[in-house]
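Student:
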Amino acid sequence: MGLAEIRIAKGPANFAFIGLGSCIAFVALDPVADIAGAAHIMLPKSGQPVKQEHLGKFADTAVGELVRLMESHGAKKENITAAYAGGASLAEVDGAAAKFDIGSRNLDAIKAVLDTLKIPVKATDAGGNTGRTLKMATSSGDVTVKTIKLGEAVLCSLRG
Amino acid sequence: MSKPINITLDDIVARTTDLPTFSAAALEVMKMADSANTRAQDIARVVSQDQAMSVRVLRLANSAFYGMSRKVSSLPEAVVVLGMRTVKNLAMVAATYPWMSKPLKGYDLGPMQMWHHAFGTALGAQMLAIKSRKCDDQLAFTSGLLHDVGKVALSLWIGEKLKAIVYYAEREGLTFDEAERKILGYDHTEVGEHLGKNWNLPDDVLLGVRWHHEPAKCEPYHAVADCVHLGSAMAMSMGLGIGGDGLLYKFDDGCYLRLGISPDEMDSITADYVESFKKYESMFQAMAA
Ligand SMILES: [Fe+2]
Ligand SMILES: [Fe+2]
Numbered sequence: 016m017g018l019a020e021i022r023i024a025k026g027p028a029n030f031a032f033i034g035l036g037s038c039i040a041f042v043a044l045d046p047v048a049d050i051a052g053a054a055h056i057m058l059p060k061s062g063q064p065v066k067q068e069h070l071g072k073f074a075d076t077a078v079g080e081l082v083r084l085m086e087s088h089g090a091k092k093e094n095i096t097a098a099y100a101g102g103a104s105l106a107e108v109d110g111a112a113a114k115f116d117i118g119s120r121n122l123d124a125i126k127a128v129l130d131t132l133k134i135p136v137k138a139t140d141a142g143g144n145t146g147r148t149l150k151m152a153t154s155s156g157d158v159t160v161k162t163i164k165l166g167e168a169v170l171c172s173l174r175g
Numbered sequence: 022m023s024k025p026i027n028i029t030l031d032d033i034v035a036r037t038t039d040l041p042t043f044s045a046a047a048l049e050v051m052k053m054a055d056s057a058n059t060r061a062q063d064i065a066r067v068v069s070q071d072q073a074m075s076v077r078v079l080r081l082a083n084s085a086f087y088g089m090s091r092k093v094s095s096l097p098e099a100v101v102v103l104g105m106r107t108v109k110n111l112a113m114v115a116a117t118y119p120w121m122s123k124p125l126k127g128y129d130l131g132p133m134q135m136w137h138h139a140f141g142t143a144l145g146a147q148m149l150a151i152k153s154r155k156c157d158d159q160l161a162f163t164s165g166l167l168h169d170v171g172k173v174a175l176s177l178w179i180g181e182k183l184k185a186i187v188y189y190a191e192r193e194g195l196t197f198d199e200a201e202r203k204i205l206g207y208d209h210t211e212v213g214e215h216l217g218k219n220w221n222l223p224d225d226v227l228l229g230v231r232w233h234h235e236p237a238k239c240e241p242y243h244a245v246a247d248c249v250h251l252g253s254a255m256a257m258s259m260g261l262g263i264g265g266d267g268l269l270y271k272f273d274d275g276c277y278l279r280l281g282i283s284p285d286e287m288d289s290i291t292a293d294y295v296e297s298f299k300k301y302e303s304m305f306q307a308m309a310a
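Structure representation (structure tokens):
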């Protein structure tokens, strides 16, 4: 998944987010309609109106756009569950620098969006100072996260 | 603490025979001032002294990024079409690419990942230099490209042992550069400075290399340290070349004040930054070809 990319898939597909920093890898699945989606979110808020091609950049626009795309392909919002990872920060970011702390601002923003849209989150692996790689295989629904310290481990399954 | 790794800065430099050397032509380009005395064709002449670099500069000039309607076939032509400043930057890109594009053992960085980090930092530092008007933007760009060159040397000589430093840093709650200093006696910014001095890189370029994790310690103060510090933070945040050391570095919020950039402005700079970086990716493909 490239920076700010939004993608959906019907049937078997693999999503990979390699080397996440403060960005958030967001994945969602409607197992009934067998429609999955992924978004590589970079920044918390869009501020001004956003061009269609930039919707994937911001937490406050990417999730809504992804859900809309999934629904337009037959997914039902009440069947969608999600997982996400990322949102890391540089060490000791506080004071005036908190404004630069894109990681925790991204995490706050995505929580707020998911709350508003009422999309249940199965699992997250977020924050800290570590880089992460998230992968999802839509056929099994398995979401894995890899870090240098813990290696690759299953975060959750969005099926079952 | 694990057994200290006994390798001195001089050892590292002495053993860099395995590393590519820094192009003498690139060094000369770096030192060419943007004064009225520097004629456009001087740049072309100097770049052309290095065959490999010339080839790469021409490839870059012809990459999709510049969207040229016809092929640029010579360096003098590239200078005319793209301008002196752009060709200078391309020469810096061409000179640092062989260093920065290799996978870095021990840092958990695959091929091109360090390059993305180096270029991402250069681009961020350049944008901040332009926005703040506190630093020459070409200087910020060049220093950004080279800022982590010490990691390349360390990776070659210490390799897998670097992982021990990551674990040590995590366990002791240290930043990665603090852990390097504890275990090695120096950090990658010092290795970079040492290497750079050996290559006769300009002093102000080396200030950005040496102080990119502790810009407030740059004495006397030079804004290049802040531009590279913040540029590198932007690159890390966007996941450009995140290795085992992750984001285990301190962020010095004083850089905003010193550069005169408000945190609010930072958001829009970051949004533009991402767009800009994505556009440049077409250029990297041209270089790898
Ligand atoms: Fe560094
Ligand atoms: Fe860096």
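Residue numbers (this note's numbering), protein chains in the order written: chain A, 16 to 175; chain B, 22 to 310. C-beta atoms are modelled at their ideal positions from N, C-alpha and C, and glycine is treated no differently.
(1) Please state whether the Cβ-Cβ distance between A/Cys38 and A/Met57 is less than 7 Å.
(2) What is the rounded straight-line gap between the Cα of B/Gly141 and the Cα of A/Ala152?
(3) Using three-state DSSP, classify A/Asp45 as helix, strand or coil.
(4) By a C-beta neighbour count over all protein chains shown, 10 Å radius and 16 as the cutoff for buried, is B/Ala200 buried or exposed?
(5) Tell me whether B/Ser253 counts as near ligand 3, meaning its Cβ is closer than 6 Å to at least one heavy atom of that ligand.
(6) Closer than 9 Å by beta-carbon distance: list the chain B residues that pair up with A/Gly142, in chain order.
(7) Who are the near neighbours of B/Thr196 in its chain, counting only those whose CB is closer than 7 Å to its CB and skipping five residues on each side?
(8) At a Cβ cut of 7 Å, what residues of the segment 34-61 of chain A count as close to chain C, listed as they run along the chain?
(9) May I ask you to report which of helix, strand or coil DSSP gives B/Ser122?
(10) For A/Asn29, write down the residues that DSSP places opposite it in a beta bridge.
(11) May I ask you to check if the CB of B/Asp169 is nearer than 6 Å to at least one heavy atom of ligand 2?
(12) So which residues on chain B does A/Gly26 lean against when the C-beta distance must stay under 9 Å?
(13) Do the segment 122-129 of chain B and the segment 173-188 of chain B touch if we need at least three Cβ pairs shorter than 8 Å?
(14) Run down chain B in chain order and give the residues with a C-beta less than 7 Å from the C-beta of A/Ser172.
(15) Residues of chain B with CB under 8 Å from A/Ile117, in chain order?
(16) Run through the segment 194-266 of chain B for me and flag every whole alpha helix (DSSP H) of 4 or more residues, listed as ranges in chain order.
(17) Identify the continuous alpha helix (DSSP H) that holds B/Lys152 and give its terminal residues.
(18) Could you please tell me which residues of the segment 148-163 of chain A, in chain order, have their CB closer than 7 Å to any CB of chain B?
(19) Closer than 7 Å by beta-carbon distance: list the chain A residues that pair up with B/Val187, in chain order.
(20) Could you tell me the alpha carbon to alpha carbon distance between A/Ser226 and A/Ala97, rounded to whole angstroms?
(21) For a cutoff of 7 Å on Cβ pairs, would you count A/Arg22 as touching chain B?
(22) Give a yes or no on whether 7 Å exceeds the smallest Cβ distance from B/Ile33 to chain A.
(23) At the 7 Å Cβ level, is A/Gly146 part of the contact set with chain B, yes or no?
(24) Given that a residue counts as buried once 16 or more other Cβ atoms are within 10 Å of its Cβ, and exposed if not, what is A/Gln63?
(25) Which bits of chain A does B/Asp129 rub up against, with CB to CB less than 8 Å?
(26) So, does the CB of A/Leu18 fall closer than 7 Å to a CB anywhere in chain B?
(27) Can you check which of these residues, A/Ile117, A/Asn94, A/Ile95, is closest to A/Ser104 by C-alpha distance?
(28) Evaluate the contact criterion for the segment 72-89 of chain A versus the segment 155-172 of chain A: three or more CB pairs, one atom per stretch, below 8 Å.
Tutor: Quick look at the numbers:
(1) For the purposes of this step, residue 38 of chain A is taken as residue 23 along the first sequence, with counting starting at 1. For the purposes of this step, residue 57 of chain A is taken as residue 42 along the first sequence, with counting starting at 1. For A/Cys38 and A/Met57, yes; Cβs fall inside 7 Å.
(2) Residue numbering aside, residue 141 of chain B sits at position 120 when the second sequence is read from its first letter. Residue numbering aside, residue 152 of chain A sits at position 137 when the first sequence is read from its first letter. Those two C-alpha atoms are separated by around 30 Å.
(3) Counting from 1 along the first sequence, the entry for residue 45 of chain A is found at position 30. Strand.
(4) By 1-based counting over the second sequence, the position of residue 200 of chain B is 179. Label assigned to B/Ala200: buried.
(5) Absence of ligand 3 from the depicted structure is noted, with ligand 1 and ligand 2 being the only ligands included.
(6) Mapped onto the first sequence, residue 142 of chain A falls at position 127. Here the premise fails: no neighbours, minimum Cβ distance about 11 Å.
(7) Within the second sequence, numbered from 1, the residue matching residue 196 of chain B stands at position 175. Around B/Thr196: Ala190, Leu269, Tyr270, Lys271.
(8) The chain inventory of the structure shown lacks chain C, comprising the protein chains A and B.
(9) For the purposes of this step, residue 122 of chain B is identified with residue 101 of the second sequence, where counting begins at 1. Of the three classes helix, strand and coil, the one that applies to B/Ser122 here is coil, per DSSP.
(10) Looking up residue 29 of chain A in the first sequence gives position 14. Looking at the DSSP assignment, A/Asn29 forms a beta bridge with A/Ala152.
(11) The residue you call residue 169 of chain B lines up with position 148 of the second sequence. Correct: B/Asp169 has its Cβ closer than 6 Å to ligand 2.
(12) As a working note, residue 26 of chain A is residue 11 in the first sequence. Result: empty, since nearest Cβ-Cβ is about 28 Å, beyond 9 Å.
(13) yes
(14) For this step, residue 172 of chain A is matched to residue 157 along the first sequence. Result: empty, since nearest Cβ-Cβ is about 25 Å, beyond 7 Å.
(15) Against the first sequence, residue 117 of chain A aligns to sequence position 102. Under the 8 Å cutoff, chain B gives Ser258, Thr291.
(16) 197-205, 209-219, 224-231, 244-258
(17) Within the second sequence, the letter at position 131 stands for residue 152 of chain B. Where B/Lys152 is concerned, the enclosing alpha helix (DSSP H) stretches over 134-153.
(18) Ile163
(19) Against the second sequence, residue 187 of chain B aligns to sequence position 166. Near B/Val187 (Cβ distances below 7 Å), the residues of chain A are Ile163.
(20) Residue 226 of chain A cannot be examined here, being either before or after the span of chain A that is shown, 16 to 175.
(21) Numbered from 1 along the first sequence, position 7 holds the residue referred to as residue 22 of chain A. No - not a single Cβ of chain B is within 7 Å of the one on A/Arg22.
(22) Here residue 33 of chain B refers to the residue found at position 12 of the second sequence. So, not an interface residue.
(23) Locating residue 146 of chain A in the first sequence gives position 131, counting from the first residue. Chain B contact via Cβ: present.
(24) As a first step, residue 63 of chain A must be located in the first sequence, where it is residue number 48. With fewer than 16 Cβ atoms within 10 Å of its Cβ, A/Gln63 is classed as exposed.
(25) Translated into the one-based positions of the second sequence, residue 129 of chain B becomes position 108. The contacting residues are Ile163.
(26) Against the first sequence, residue 18 of chain A aligns to sequence position 3. For A/Leu18, the answer is yes, since a Cβ of chain B falls inside 7 Å of its Cβ.
(27) Here residue 104 of chain A corresponds to residue number 89 of the first sequence, with the count starting at 1. Nearest option by C-alpha distance: A/Ile117.
(28) no
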